[in-house]
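Going letter by letter, the sequence shown gives residues -25 to -1, 1 to 124 in mature numbering (1 follows the signal peptide of the UniProt record, and there is no 0). See below for the structure under consideration.
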Amino acid sequence: MLKRLLAAIGVAAAVLPSAGTPAQAAGPVVQIVKVYYDSPGSDRGGNVSLNGEYAVLRNMTTRGIQLQNWILRDETGYKYRFPSFTLKPGKSVTVRSGQGTDTSTTLYWGRKWYVWNNDGDTAGLYRGSDLKKIDGCAWGRGGISTTCP
Ligand SMILES: [Ca+2]
């Protein structure tokens, strides 16, 4: 009897969430947390200058998220499609506009010209599986970068 009772408690403990487990935070699972839209210096193109322009995305969850086929796009409709890339829990990835070799923290859009308008634009992030909009970040004229909550 005692053995059965302990087994039942064990099952219950396994099924019920522990009291210390916080509820899933509201908001996007991956957030656009920053866009640096006015690359340092004169915007004359060139790969270094293009890579001075970037967007930062953060995984807001406690699990890894595979970003393959997710889309980052601007208001005009230029799109960056993510390669196979797992964004670790709580970690950020920087998407730079120019060309380069992807690393675990930086991805390269591969563009030959800027994408984020200095005089106002919107960055949108769309999930790969169904292109559902996950997050957006907008800014207006002026400044060089914006942080998004
Ligand atoms: Ca500039």
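All C-beta atoms in this analysis are idealised placements derived from N, C-alpha and C, irrespective of residue type, glycine included.
{"Asked": "Cβ-Cβ separation, L100 to D47 (assumed contact under 8 angstroms), whole Å", "Found": "Residue 47 is actually Leu in this sequence, not Asp. Right, their Cβ atoms sit about 6 angstroms apart."}
{"Asked": "Exposure label - A98; buried when at least 16 CB within 10 Å", "Found": "buried"}
{"Asked": "Contacts around G(-6), its chain only, beta-carbon distance under 8 angstroms, and the 5 residues preceding and following it disregarded", "Found": "A caution first: G(-6) carries a pLDDT of 46, below 50, which makes its placement in the model too unreliable to give a value."}
{"Asked": "Rounded distance between the beta-carbons of V5 and R33, thought under 8 angstroms", "Found": "7 angstroms"}
{"Asked": "Test: K108 CB closer than 8 angstroms to a CB of chain B", "Found": "No chain B appears in this structure, which consists of one protein chain only."}
{"Asked": "Nearest-residue set for ligand 1, Cβ under 5 angstroms from any heavy atom", "Found": "D13, S14 and D18"}
{"Asked": "Unbroken alpha helix (DSSP H) run spanning S67, endpoints", "Found": "Here S67 belongs to no alpha helix (DSSP H); instead the beta strand (DSSP E) covers S67 to R71."}
{"Asked": "Which residues DSSP lists as bridging W114, in chain order", "Found": "D96"}
{"Asked": "Proximity below 8 angstroms, CB of N92 to CB of Y12", "Found": "yes"}
{"Asked": "Nonlocal neighbours in the same chain, by C-beta distance under 7 angstroms from S24, ignoring five residues either side", "Found": "S14, G16 and D18"}
{"Asked": "Distance CB(Q43)-CB(F57) smaller than 8 angstroms", "Found": "yes"}
{"Asked": "Backbone CA spacing between residue 183 and D96 [nearest angstrom]", "Found": "For the chain, the structure presents residues -25 to 124; residue 183 sits outside this window and is missing."}
{"Asked": "Cβ neighbour criterion (16 or more within 10 Å) applied to I119", "Found": "exposed"}
{"Asked": "8 angstroms Cβ cutoff met for P64 and T36", "Found": "yes"}
{"Asked": "Strand pairing of G107, partner residues [DSSP]", "Found": "Position check: residue 107 holds Lys in this sequence, whereas Gly was assumed. Note: K107 sits in no beta bridge, so no partner."}
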